[in-house]
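So the protein sequences, as listed, match chains A and B.
Those letters in the first sequence? Residues 22 to 290, per my numbering, in order.
Those letters in the second sequence? Residues -2 to 140, per my numbering, in order.
Even for Gly, the Cβ is constructed at its ideal location relative to N, Cα and C.
Heads up, the thing below is written out as structure tokens.
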Amino acid sequence: MKNIISEAFLTVLLFFAIWFGLSNINWMEILKVKEQKVKTEEKLGTMILDNFFDSSTEIKEENILNSIDSIFTKICDKNNIDKNSIKLHVVNNEKINAFAIPGQHIVLFSGLIEECNNPEELSGVISHELAHIQLNHVMKRLIKEIGLSVIVSLTTGNGGTDIVPEITKLLSASAFDRKLENDADLKAVDYLTKAKINPEAFANFLYKLSYEDDDKLDILTWVSTHDDSKLRAENIINYMPKDSTEYQKVIHEYTWSELKVSLQNWGND
Amino acid sequence: MIYKTEFDYKPDEHENERASNSYIMSLVALMAGLPLPIINLIATLIFYVGNLRSTYFVRWHCIQALLSQVSVLIMNSFAFWWTISIFFGSDLINNNYISYIMVVFLFNLTEFIATVYTAIQTRKGIHVEWWLYGRLANILCKS
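Here's what the structure looks like:
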């Protein structure tokens, strides 16, 4: 019996010793895991974007993009996020919608920007989508709902591209589950607080959406239900810092008004 | 580690074949059961139950084959659920995971080679005792 215990102990010890020894080697670097992951996401993101822009028009007017970029830059800089690794797209669509795509893309609908009463509300939406990217929610959701094998075969060219419209629809027209949305909301509050942007505006925006018409609001995307939207607003208020943080204007009021006017006039010129 | 030892008696041709089959069963089940590790354990368990009334030599090797699957089951189950949590949950691939998969692969490979070797030897009527499992089989299997 003594021999059995000592042999069992030695076997377990050997197992953990090899595991410990191997874990001291940087396999992530040697196997280039991160690079492969980034490449796969970028390829998938490009496929989805191409598919999405087949039926949507991207706004590329400098006036509009520069104002949004100012907000985006401030959030990224204050949170040590590499701004250049994330690509922002503005789409001409009256629906209230925004979503993140693999490969670090954020798509904002013009309808959502027009719905925002101030730049702080828009900052909240951008921070929320940024949080989905930083928390790796997009890929996790795709793996869960589409399957890793489909994604790998799609990006390596071994499978058909018939599924791309389905993935595009999934990301652009349905919300994440409640837990992921809540995680992204709270992370967005952290980003906003660090950038000295009042998170209350983000809560106000969500609260406002709970009274919005279903046809204007892409109801399944940005908020699952009206009740969800109210609950999320309350969670943000409960989570935001209670101390007397001095918040600042994210962009000048004039720049904001110019952005709104440019959006309204876009396409009429 | 594997030891060739003398068995209490000289098994006949029929016993050699059955004892050898208990190891082959675990190999076939391993291939069929991947990635669910429980399949091999169930297969060897069924084979063991089917040979409960068999001779001492056959039962002894069925037990050794069965015991070897228990440790593989624990290791592989952990690897399986860790992988699932990476694909579908919130875990991310890291050095610990990659190292664990390597150790599991190494132990599985060792076990695979040992199983093939033991299947060949028992077919020839040579009694082979494995490190740890051989001693356990000696306690569990009564003549």
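Query raised in the report: So is LYS23 (chain A) in contact with chain B if we call contact Cβ pairs under 8 Å?
Result: no
Report task. Using a Cβ-Cβ cut-off of 8 Å, state whether ASN47 (chain A) counts as contacting chain B. Result -> yes
Query raised in the report: Hey, does GLU233 (chain A) have any beta-carbon neighbour from chain B nearer than 8 Å?
Result: no
Query raised in the report: Just by C-beta distance, which residues in the stretch 94 to 109 of chain B are closer than 8 Å to chain A?
Result: ILE95, SER96, TYR97, MET99, VAL100, LEU103, PHE104
Query raised in the report: Does any C-beta atom of chain B lie closer than 8 Å to the C-beta of SER250 (chain A)?
Result: no
Query raised in the report: From GLU202 (chain A) to ILE167 (chain A), what does the alpha carbon distance come to, in whole angstroms?
Result: 19 Å
Report task. Evaluate HIS124 (chain B) with the Cβ neighbour count: other Cβ atoms within 10 Å of its Cβ, from every protein chain shown; 16 or more gives buried, anything less gives exposed. Result -> buried
Query raised in the report: What residues from the stretch 44 to 77 of chain B come within 9 Å of chain A, judged by C-beta to C-beta, listed N to C?
Result: SER68, MET72
Query raised in the report: So is ILE81 (chain B) in contact with chain A if we call contact Cβ pairs under 8 Å?
Result: no
Query raised in the report: Where do the ends of the alpha helix (DSSP H) carrying PHE93 (chain A) lie?
Result: 83 to 99
Query - Simplified DSSP assignment, three categories, for TRP127 (chain B) - result: strand
**Report entry** LEU49 (chain B), DSSP secondary structure in three states
**Finding:** coil
Query - Neighbouring residues, chain A, relative to ILE90 (chain B) (Cβ below 7 Å) - result: VAL54
Query - Identified DSSP bridge partners for GLU3 (chain B) - result: In DSSP, GLU3 (chain B) forms no bridge with anything.
**Report entry** chain A contact for LEU133 (chain B) (CB, 8 Å cutoff)
**Finding:** yes
Report task. Please list the partners that PHE36 (chain A) has in chain B, where partner means a Cβ-to-Cβ separation under 8 Å. Result -> MET72, VAL100, PHE104
Query - Own chain, CB closer than 8 Å to ILE17 (chain A), minus 5 neighbours either side, in chain order - result: Outside the shown range of chain A (22 to 290) lies residue 17 (chain A), about which nothing can therefore be said.
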